[in-house]
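Shown next, in structure tokens, is the structure this report addresses.
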Amino acid sequence: MSSARLATRPGTWFTITLALVLAVVLILALDHGHAGSEPSAGNTPPATTSSPAAQAPDWMRPLRPGEKPPQFVLFSFDGAGSHEHWTRYLALADSVHAHFSGFLSGIYLLTDEQRSRYAGPGHRPGSASIGFGGSAAEVATRVQDLNTAVAAGHQIGTHYNGHFCAGAEPSVGRWTTQGWTDEIGQFSRFVDDARERLGLHLSATDVTGGRTPCLEGNWAAAFPAMRAAGYTFDSSQPSDGVKWPTRLDGIWEFWMPYVQVPALHKKVIMMDYNLWYQLGHAKSDTGKYTQATLETYRGAYRAAFEGNRAPLVIGNHFNDWAGGAFSRAAEGFMGEVCAKPETVCATYAEVTKWMSLQDPAVLDKYRSMPLAQAR
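Numbering of the sequence shown is given in my numbering, commencing with residue 8 and proceeding in unit increments.
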């Protein structure tokens with residue numbers, strides 16, 4: 008299992024823990040990264056880039072006899088706090104008619120002065136492994152960014168709150184169902200309070216899933232709490248190759264794929280932090296990391312497109328690790344892949360709805376195919 012521990016507010020330096028399991032290898036690491044520029048009182052939120060279509064897109068229908076599924080690509084970003092990154096990705100997605108998902112860390116809706124309102128399971132009030140939301144002006148700008156995203160048809164999910172990964176005990180991997188219920192309940196309160204006080208165009212009931220911190224969790228404990236909150240999907244667990252979503256204990260699991268990285272000649276879980284760590288953890292980039300990541304994305308896409316057509320999850324953060332190498336790779340890939348024929352860059356909610364429209368036997372046929380593996 009992979010993990011990336013983010014230890015500061017969105018847009019500042021991160022302290023990061025990685026727990027990466029590759030077959031029989033366990034790697035734990037701690038380092039710092041930069042997640043982009045923090046919105047300030049002088050920043051102007053981006054204008055609304057588009058509005059959700061009044062009618063369903065052509066692909067939102069049952070497959071016709073003999074027709075292959077679209078190649079779905081699910082871009083998703085943990086934390087979802089940086090104003091700079093919101094601005095860039097919203098403009099890019101609008102230009103290529105793409106939708107993506109932002110997994111919000113709930114405490115980014117609290118100012119630094121409000122930090123005592125959060126108490127993670129087993130932790131003292133005001134404690135977290137990431138920063139809080141900054142100033143009131145920064146939180147207000149973040150709310151405007153989220154509103155722009157919602158209006159454009161993008162999905163807001165949860166990255167929960169305190170980002171307590173292995174080593175910051177009790178970590179998410181040790182929480183009981185009651186602990187998860189508490190964490191989710193606090194996230195919901197932060198969202199609904201921002202809706203009431205700050206004009207956030209999102210309610211807790213609009214959030215239907217997300218990604219756990221560091222991709223960690225005891226799923227037998229976490230899934231009952233997720234179901235009770237009305238969540239329908241998770242995108243945290245790894246799979247060896249690109250795999251169709253699987254219904255687990257009432258939750259759709261959108262798998263994070265281990266894929267071949269041509270530059271490394273081995274498989275790595277396809278999350279930006281994991282790629283950064285395995286590629287050498289440099290703090291700057293000469294283009295090597297960007298190119299290596301793009302080649303990895305392209306190989307995984309080709310394997311899925313030519314194989315089982317399983318939705319391809321591209322997991323990222325709003326960050327500037329290695330001088331922004333992975334943001335450039337994600338932006339470059341979004342710009343090229345979302346315009347490809349038979350390809351749809353969609354949200355988790357959209358793919359879940361599409362699956363509900365299909366003949367189960369047709370989806371079972373594709374699920375029975377070998378997991379897509381880049382060569």
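By construction, the Cβ of each residue, glycine as well, lies at the ideal position given by its N, Cα and C atoms.
Please read all numbers here as calculations on a predicted model, not as lab measurements.
Helix, strand or coil at residue i [DSSP, three-state]
i, result
"Trp66", "coil"
"Asn281", "helix"
"His41", "Bear in mind that a pLDDT of 30 at His41, under 50, signals an unreliable position, so the number given afterwards is only what the model happens to contain. It is a strand residue."
"Gly248", "coil"
"Ser363", "helix"
"Lys273", "strand"
"Tyr265", "strand"
"Ala30", "Its pLDDT being 34, under 50, Ala30 is placed unreliably in this model, and the coordinates cannot settle the point."
"Leu301", "helix"
"Ala317", "coil"
"Thr155", "helix"
"Ala381", "coil"
"Arg131", "coil"
"Gly331", "helix"
"Glu357", "helix"
"Leu117", "coil"
"His288", "coil"
"Ser142", "coil"
Rounded Cβ spacing between residue i and residue j (contact assumed at less than 8 Å)
i, j, result
"Thr359", "Gln162", "With a Cβ gap of about 10 Å, Thr359 and Gln162 do not count as contacting."
"Met278", "Ile258", "That pair is no contact at about 20 Å."
"Phe261", "Val320", "6 Å"
"Asp256", "Gly216", "At roughly 13 Å, the Cβ-Cβ gap does not stay under 8 Å, so Asp256 and Gly216 are not in contact."
"Asp189", "Pro128", "5 Å"
"Trp187", "Ala144", "Wrong, their Cβ atoms sit about 32 Å apart, outside the cutoff."
"Gln193", "Gly113", "7 Å"
"Val179", "Glu223", "5 Å"
"Val146", "Leu116", "6 Å"
"Pro69", "Leu364", "5 Å"
"His170", "Ser123", "Contact doesn't hold; Cβ gap of about 17 Å is too wide."
"Arg316", "Tyr373", "6 Å"
Nearest candidate by alpha-carbon position, reference residue i, set the options
i, options, result
"Gln121", "Ala270, Phe197, Arg202 and Arg335", "Phe197"
"Asp6", "Pro264, Cys352 and Ala379", "For the chain, the structure presents residues 8 to 382; residue 6 sits outside this window and is missing."
"Tyr125", "Ala310, Ser363 and Tyr167", "Tyr167"
"Pro318", "Val249, Gly342 and Leu255", "Val249"
"Lys347", "Asp256, Leu370, Ala379 and Arg309", "Arg309"
"Gln78", "Ala368, Gly133, Ser375 and Trp361", "Trp361"
"Phe340", "Asp327, Asn323, Gly330 and Ala329", "Asn323"
"Val268", "Ala307, Asp152, Ala289 and Gly287", "Ala307"
"Gly109", "Gly331, Glu313, Tyr284 and Thr219", "Thr219"
"His106", "Gly160, Gly73 and Ser210", "Gly160"
"Thr212", "Leu205, Leu81, Gly224 and Asp199", "Asp199"
"Arg71", "Arg374, Asp366, Asp371 and Ala381", "Asp366"
"Ala98", "Ser136, Gly86, Thr155 and Leu286", "Thr155"
"Ser134", "Glu176, His104 and Arg95", "Glu176"
"His104", "His92, Gln380, Val344 and Glu91", "Val344"
"Gly342", "Ala299, Val80 and Met67", "Val80"
"Gly314", "Lys372, Met376, Gln298 and Asn326", "Met376"
"Met263", "Gly73, Phe82 and Thr165", "Phe82"
"Asp65", "Glu357, Leu205 and Gly174", "Glu357"
Residue i - partner residues in DSSP beta bridges
i, result
"Asp241", "Gly217 and Glu260"
"Gly322", "Ser83 and Met278"
"Ile163", "Gly109"
"Cys345", "DSSP output for Cys345 lists no bridge partner at all."
"Val351", "Phe79"
"Arg254", "Trp259"
Just list the alpha helix (DSSP H) runs in the region 165-224, keeping only unbroken ones of 4 residues or longer that don't cross its boundaries, in chain order. 184-205
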